[in-house]
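Protein chains in written order, with the numbering used here: chain A, 300 to 698; chain B, 80 to 288.
Glycine included, every Cβ here is placed at the ideal spot set by N, Cα and C.
Quantities reported herein were computed from a predicted structural model and do not represent experimental measurements.
Below is one structure; the comments refer to it alone.
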């Protein structure tokens, strides 16, 4: 016997019945929401050139990409992300389309995770990209509203959202007289909220208002008071507008009634090479990682020769589906109401009756056993309480 | 009352030191002290639930969010990596990573590629990569000191506290790599969803240290 023909590769799984239904429900709800707000679906290839994901502001480590080669020996990867292909698409085939572009996707991405970490290598993702929205404040607001709406529709009470602006960190760190690798190290320490190491590092650089603000950055999260704290720590003509814009968006979202659901976190500094402005994450309680991630990436499209602002987010549909299943919020498959069994030579009648019953709103199965007795036994095993037996006349048998 | 915060402690010395710290804060840890065979133990007045686990598992539990917090050595964090917040240097469980060789041997001499035995292959690799040096790394599960004595390796990278074990076996530290101590780590989502409770606990801990 072959060794690997009965199992799926590490990090992948077969999705059955209710699990499958839950995942599709998540996808279709998101699709509906995105469509209602004027977004059109696009599908990009499952495999792409490695080069696409190795540009300067694309944050994919080569270790996490599944790689293969095409017939000419060129390096191909399984799509690790959908935003970059969509940025390519927007700059090539949609180069002459009227802006803004409102695009959405619903397709898996692939990640080569370390073994035995319990993480999926194939992740179902659905999300939007709003490309070329000239008034970035309005675009930010729209993307955030859609992000909030995405999670809200799954569980109104148990989701949380956090917003930040990576521009604040970038402005602060740019004022330090240090080399690029030190800046990157500071960013990493902030992103993992490693207070002790961050303090040591900044102390060694010196004591200025900038280092003091950077030291506090991982602690700058919470409600509206964060803006006051940040303004106390550091203020100038470049950082003030960033905070003002973020505060404005935050207050607007509070007006929509999301006040208790949103917090501000100026310490979101992940993917600093890629994001340029507002960044946000969404959480469902009990799920160990963010289920929604997004932000503004105004630099990406210029890498494809079409400079324009853009913002988007992606939702991890698998995580949401698992959450719904765990909390009994997912739809469940309904058992058939009855079996239609036809005696030999009457299968055409069975199909006709089946159609009629379906028309009445029933879910049916057509019997494929040899005898009525076998059909009956099967019905009992499946817990189906009704059989239509088609002989010279139709007999309705309740079990 | 909210669901308790769940904290995973590394079994052994870090567990004892952490319990000591929690008691100093004023929490009643009697259930943790008389645990018997139980693995999940309540600290009712702190609204905490203590889970006892091996060091690597502490990180796994916290990363997946089944425990909100964890106490684990920096050595394990460096070796395992992972996604979580590292909030507090607890100051106990202090030791260091060091490179040790047989007394009198010259590790950096000659052109032969050196072999290094260790329980921490990732830390060892990163360390020698940062020096731009190619070494063969052999992972050993038990007493790493044996490897140079049996001439499997030219040196070892290991945790050193006092250095007594090394000395008794004719080995000596030739380089300190990095200091190590216990850290309080937090799941990234818990940090957001239970911010107030976690910040309160962290403040209590920081004030008691």
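- [ ] Find out if the Cβ-Cβ distance for the pair residue 526 of chain A, residue 471 of chain A is shorter than 8 Å.
- [x] The answer is no: Cβ separation not under 8 Å.
- [ ] Report yes if the C-beta of residue 627 of chain A is less than 7 Å from at least one heavy atom of the ligand GDP; otherwise report no.
- [x] Among the ligands in the structure shown, none appear at all, so the ligand GDP cannot be discussed.
- [ ] Apply the 10 Å Cβ neighbour rule to residue 581 of chain A and answer buried if 16 or more other Cβ atoms are within range, or exposed otherwise.
- [x] Looking at its Cβ environment, which holds 16 or more other Cβ atoms inside 10 Å, residue 581 of chain A is buried.
Open item on the list: If the criterion is Cβ atoms closer than 8 Å, does the pair residue 514 of chain A and residue 488 of chain A meet it?
Closed with: The Cβ-Cβ distance between residue 514 of chain A and residue 488 of chain A does not fall below 8 Å.
Open item on the list: When you compare the CB of residue 168 of chain B with every CB in chain A, is at least one pair closer than 8 Å?
Closed with: Residue contact check for residue 168 of chain B against chain A: a CB pair falls below 8 Å.
Open item on the list: Residues of chain B with CB closer than 7 Å to the CB of residue 493 of chain A, please, in chain order.
Closed with: Within chain B, the C-beta atoms nearer than 7 Å to that of residue 493 of chain A come from 165, in chain order.
Open item on the list: Which residues in chain B have a C-beta closer than 8 Å to the C-beta of residue 521 of chain A? List them in chain order.
Closed with: Going along chain B in sequence order, the residues near residue 521 of chain A (Cβ under 8 Å) are 274.
TODO: Select from the segment 118-137 of chain B all residues with a C-beta closer than 9 Å to any C-beta belonging to chain A, and list them in chain order.
DONE: Close to chain A, meaning a Cβ-Cβ distance shorter than 9 Å, is no residue of the segment 118-137 of chain B at all.
TODO: Please determine, among B:275, B:194, B:260, the residue with the shortest C-alpha to C-alpha distance to residue 239 of chain B.
DONE: Of the residues B:275, B:194, B:260, the one whose Cα lies closest to the Cα of residue 239 of chain B is B:260.
TODO: Please confirm if the segment 593-606 of chain A is in contact with the segment 570-579 of chain A, defined as three or more CB-CB distances below 8 Å between the two stretches.
DONE: Below 8 Å, enough C-beta pairs join the segment 593-606 of chain A and the segment 570-579 of chain A to call them touching: three or more.
TODO: Measuring alpha carbon to alpha carbon, tell me which of A:411, A:351, A:648, A:425 ends up nearest residue 402 of chain A.
DONE: Checking every option, the nearest Cα to that of residue 402 of chain A belongs to A:425.
TODO: Using the Cα positions of residue 375 of chain A and residue 601 of chain A, report the straight-line distance between them to the nearest angstrom.
DONE: Across the structure, residue 375 of chain A and residue 601 of chain A are spaced so that their CA atoms are roughly 23 Å apart.
TODO: Rounded to whole angstroms, what's the CA-CA distance from residue 538 of chain A to residue 463 of chain A? Just pull it up for me.
DONE: Their Cα atoms are separated by approximately 13 Å.
Task: Alpha-carbon to alpha-carbon, residue 519 of chain A and residue 563 of chain A - done: The straight-line gap from Cα to Cα measures roughly 8 Å.
Open item on the list: Contact defined as beta carbons within less than 8 Å: I believe residue 612 of chain A pairs with residue 640 of chain A. What is the distance between those atoms, to the nearest angstrom?
Closed with: So it is not a contact: roughly 51 Å between Cβ atoms.
Task: Boundaries of the alpha helix (DSSP H) in which residue 609 of chain A is found, first to last residue - done: Run containing residue 609 of chain A: none in the alpha helix (DSSP H); it sits in the beta strand (DSSP E), 609-615.
TODO: Go through its chain and collect everything with a Cβ distance to residue 341 of chain A's Cβ below 7 Å, but skip five positions before and after it.
DONE: Around residue 341 of chain A: 385, 388, 402, 404.
Task: Where residue 459 of chain A sits in the DSSP three-state scheme - done: Here residue 459 of chain A sits in strand by DSSP.
Open item on the list: Considering only their Cβ atoms, is the gap separating residue 624 of chain A from residue 420 of chain A smaller than 8 Å?
Closed with: Between residue 420 of chain A and residue 624 of chain A, the C-beta spacing is not below 8 Å.
Task: Three-state class that DSSP yields for residue 373 of chain A in the structure shown - done: Looking at residue 373 of chain A - three-state DSSP - the assignment turns out to be coil, as it is neither helix nor strand.
Task: Unbroken stretches of the alpha helix (DSSP H), 4 residues or longer, contained in the segment 448-507 of chain A - done: Within the segment 448-507 of chain A, the complete alpha helix (DSSP H) runs of at least 4 residues are 465-473, 479-490, 494-504.
TODO: Taking a Cβ distance cut-off of 8 Å, strictly less, list which residues of the segment 582-596 of chain A are near chain B, in chain order.
DONE: Under the 8 Å Cβ criterion, the segment 582-596 of chain A contributes 582, 584, 585, 586, 587, 588, 589.
Open item on the list: In the DSSP output, what is residue 261 of chain B paired with across the bridge?
Closed with: Residue 261 of chain B pairs with B:152.
Task: CB contact check: residue 461 of chain A to chain B, cutoff 8 Å - done: Cβ-Cβ to chain B under 8 Å: yes for residue 461 of chain A.
- [ ] Inspect the CB distances between the segment 173-181 of chain B and the segment 116-129 of chain B and report whether three or more fall short of 8 Å.
- [x] Output reads no: the segment 116-129 of chain B does not touch the segment 173-181 of chain B.
Open item on the list: Is there a Cβ of chain B sitting closer than 8 Å to that of residue 419 of chain A, yes or no?
Closed with: Taking CB atoms only, residue 419 of chain A has no neighbour in chain B less than 8 Å away.
Task: Residues from the segment 545-573 of chain A in contact with chain B, defined by Cβ distance under 8 Å - done: Considering only beta carbons, the part of the segment 545-573 of chain A lying closer than 8 Å to chain B consists of 562, 564, in chain order.
TODO: Check the Cβ of residue 158 of chain B against every Cβ in chain A and list those closer than 9 Å, keeping chain order.
DONE: Near residue 158 of chain B there are no residues of chain A at all, since even the closest Cβ is about 13 Å away, more than 9 Å.
Task: Beta-carbon gap between residue 516 of chain A and residue 468 of chain A smaller than 8 Å - done: Cβ distance < 8 Å, so residue 516 of chain A and residue 468 of chain A count as in contact.
Task: Closer than 9 Å at the beta carbon, the chain A residues around residue 144 of chain B - done: Annotation: Cβ neighbours of residue 144 of chain B in chain A (cutoff 9 Å, chain order): 585, 586, 587, 588.
Open item on the list: Using beta carbons (cut-off 8 Å, strictly below), is residue 257 of chain B in contact with chain A?
Closed with: Taking CB atoms only, residue 257 of chain B has no neighbour in chain A less than 8 Å away.
Task: First through last residue of the alpha helix (DSSP H) which encompasses residue 658 of chain A - done: For residue 658 of chain A, the enclosing alpha helix (DSSP H) covers residues 646-658.
TODO: My understanding is that residue 568 of chain A touches residue 590 of chain A, with C-beta atoms under 8 Å, so please give their C-beta distance in whole angstroms.
DONE: Rounded to whole angstroms, the Cβ separation of residue 568 of chain A and residue 590 of chain A is 20 Å, and the two are not in contact under 8 Å.
TODO: Could you tell me which of A:508, A:545, A:677 sits nearest to residue 465 of chain A, measuring between CA atoms?
DONE: Cα-wise, what sits closest to residue 465 of chain A is A:545.
Open item on the list: Just to check my reading of the structure: residue 107 of chain B and residue 122 of chain B have Cβ atoms closer than 8 Å, yes? What is that Cβ distance to the nearest angstrom?
Closed with: Yes, residue 107 of chain B and residue 122 of chain B are in contact; Cβ-Cβ is about 7 Å, under 8 Å.
Open item on the list: For chain D, check one thing: does any of its Cβ atoms lie closer than 8 Å to the Cβ of residue 173 of chain B?
Closed with: Protein chains A and B are contained in the structure displayed, whereas chain D is not.
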